[in-house]
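See below for the structure under consideration.
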Amino acid sequence: MAGTRAIEAFDVTEHDLVLSSSVALAKGVITRPDSRISPISTARRAMPGSDTRLYQQPRRPFGAVKRHLAREMMHRFRIWDLRTPPSIDVMVANSQFHSSAYSQGLWPRCAGHLPASEHGWFAMGTEYRDEFYLTASRLVPYKRVDLIVRAFSHMPEKRLVVIGDGPEMKRIKALATPNVEILGYQPFEVLRDHMQRARAFVFAAQEDFGIVPLEAQACGTPVIALNHGGTAETLRGLGRNRPTGVHFDTQNEASLCKGVAQFEAYRDLIDPEDCRRTR
């Protein structure tokens, strides 16, 4: 694999400390002994038994060939990936969900998790709250924007705005009903403005951490998110002290629709100021 060979070609052996932040390859850089700390963000997607939707292709021309090639590449990457931990002195994950993978013998040096801090670019707006729901993401399969769009097709009285672009754009547009507005890629200022005005932010992916729901909460916006992965930790659901949103349990339309209904019934319990608090 060209990428693994390239990262191993970097010479950083003259440095006393190397911090290699990685979703995949950076942790493979060659260092001298006792000189490396490696924060890991999403490498667990490459682990054996991880979510294979990352390399599944929809039923389209050459889809079977692409799936076969992707599986072969991931197989080779996993072999390389399991060789890299011995050269790392300390590994730090970005959530308890993520760090649990490293405490099961594969990455025994994991020192725990280090939550991300609030992003200073996101703040509560001064405008009124609008009636639309918002989701923002790269349009790739595992983000499950298709699920969100299909769910809102069953709730025609509720408006959904989708911000983002990617290989799933054509498919997402085909799924959209009249109550769904797809804006495509938007500059940061437009994204922040929509986050500040949205009724709630909707997130259906199982992420190791998931930074965008935190950015929405930093804008004082409640979040409706999956109760698995990072969002099970970063979102305080109904029933907890100072809730910041609503969890739904299963990645399907019925569960998400139920989550939206719960939010509508109890949204007065969610204080925008609480959404901004990290504890």
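Position one of the sequence shown corresponds to residue 3 (our numbering), numbered consecutively onward.
Ideal Cβ placement from N, Cα and C applies to all residues, glycine included.
Query: Ignore the nearest five residues each way along the sequence and tell me which others in residue 156's own chain have a CB closer than 7 Å to its CB.; Result: 255, 259
Query: Roughly how many angstroms separate the alpha carbons of residue 191 and residue 137, rounded to a whole number?; Result: 15 Å
Query: Can you give me the Cβ contacts of residue 152 inside the same chain, cut-off strictly under 8 Å, excluding the 5 residues immediately before and after it?; Result: 177, 255
Query: Could you check if residue 222 is buried or exposed, using at least 16 other CB atoms within 10 Å of its CB as the buried criterion?; Result: buried
Query: In whole angstroms, give me the CA-to-CA distance for residue 257 and residue 228.; Result: 9 Å
Query: Here's a check: name, in chain order, each residue in its chain whose Cβ is nearer than 7 Å to the Cβ of residue 269, leaving out the five neighbours to either side.; Result: 224
Query: Beta-carbon within less than 8 Å of residue 51's beta-carbon, same chain only, minus the 5 sequence neighbours each way: which residues are those?; Result: Low confidence applies to residue 51: its pLDDT is 47, below 50, so where it sits in the model is not reliable, and the reading given next is rough at best. Same-chain partners within the cutoff: there are none.
Query: Taking only runs that begin and end inside the region 208-232, name each unbroken beta strand (DSSP E) of 3 or more residues, in chain order.; Result: 225-228
Query: Where residue 198 and residue 72 are concerned, what is the direct C-alpha to C-alpha distance, given to the nearest angstrom?; Result: 39 Å
Query: Relative to the alpha-carbon of residue 161, which residue among 126, 133, 195 has its alpha-carbon at the smallest distance?; Result: 133
Query: Is residue 208 near residue 186, with beta carbons less than 9 Å apart?; Result: no
Query: Check whether the Cβ atoms of residue 135 and residue 200 lie closer than 9 Å to each other.; Result: yes
Query: What residues are listed by DSSP as bridge partners for residue 2?; Result: The requested residue 2 does not occur in the structure, where the chain is confined to residues 3 to 281.
Query: How long is the line joining the alpha carbons of residue 243 and residue 233, rounded to whole angstroms?; Result: 16 Å
Query: State the DSSP-derived secondary structure class of residue 159, mapped to helix, strand or coil.; Result: coil
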